[in-house]
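Q:
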Amino acid sequence: MEAAVGYPDGLAVVGFLLEAVDAPNPDFDELVQGFEAIRKQDQTAQLTSESLAWMDRAELQDGGYVTYKGSLTTPPFTECVTWIIYQKPVEIGSEQLSLLRQLEGPDSKPIERNVRPTQRHPPGHSVIYVEPLKAKL
Numbered sequence: 001m002e003a004a005v006g007y008p009d010g011l012a013v014v015g016f017l018l019e020a021v022d023a024p025n026p027d028f029d030e031l032v033q034g035f036e037a038i039r040k041q042d043q044t045a046q047l048t049s050e051s052l053a054w055m056d057r058a059e060l061q062d063g064g065y066v067t068y069k070g071s072l073t074t075p076p077f078t079e080c081v082t083w084i085i086y087q088k089p090v091e092i093g094s095e096q097l098s099l100l101r102q103l104e105g106p107d108s109k110p111i112e113r114n115v116r117p118t119q120r121h122p123p124g125h126s127v128i129y130v131e132p133l134k135a136k137l
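Taking full-length UniProt numbering, the leading residue of the sequence shown gets 1, the next gets one more, and so forth.
1. Select from TYR65, VAL127, THR78, THR74 the residue whose C-alpha is nearest the C-alpha of ALA3.
2. Pick out whichever of VAL66, ILE92, ASP29 has its Cα sitting closest to the Cα of GLU19.
3. Alpha carbon to alpha carbon, what distance is there between SER126 and SER49?
4. Cα-Cα, which of PHE16, ARG120, ALA12 is closest to GLY63?
5. Here's the rule I'm using: 16 or more other beta-carbon atoms within 10 Å means buried, otherwise exposed. How should SER94 be labelled?
6. For the beta strand (DSSP E) containing ALA12, name the first residue and the last one.
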């Protein structure tokens, strides 16, 4: 990562919106179990690539996404990130989401507000909305 932050397009971050629903989403089971194992700082867990298979669902591919140039959300806030945010929310069980909210930060307190304040949109930067096209044969 150290080498990547030296370039204006050194990193790409893909973001998904999560929508809490009553029923657990089995696609998140392995990922949530991994997060339970790393609840405290400096803990580790090994997960298989299958724990991220929920990202390759057809319904996500049907929706659009937003992309823009930005920065890291933690110090030193280096402007080296291409952000890609899917517009269609992914359903996750309320209990599963509550387990994610129990992850602890460096102060040993749950990470509740892991965002930095909104910044003014710099001149010359643009947000691009991408909607998939359906080809008709």
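Where is the CB? At the ideal position from N, CA and C, for every residue including glycine.
A: To lay it out plainly:
1. THR78
2. ILE92
3. 33 Å
4. The residue from PHE16, ARG120, ALA12 with its alpha-carbon nearest to that of GLY63 is PHE16.
5. exposed
6. 11-15
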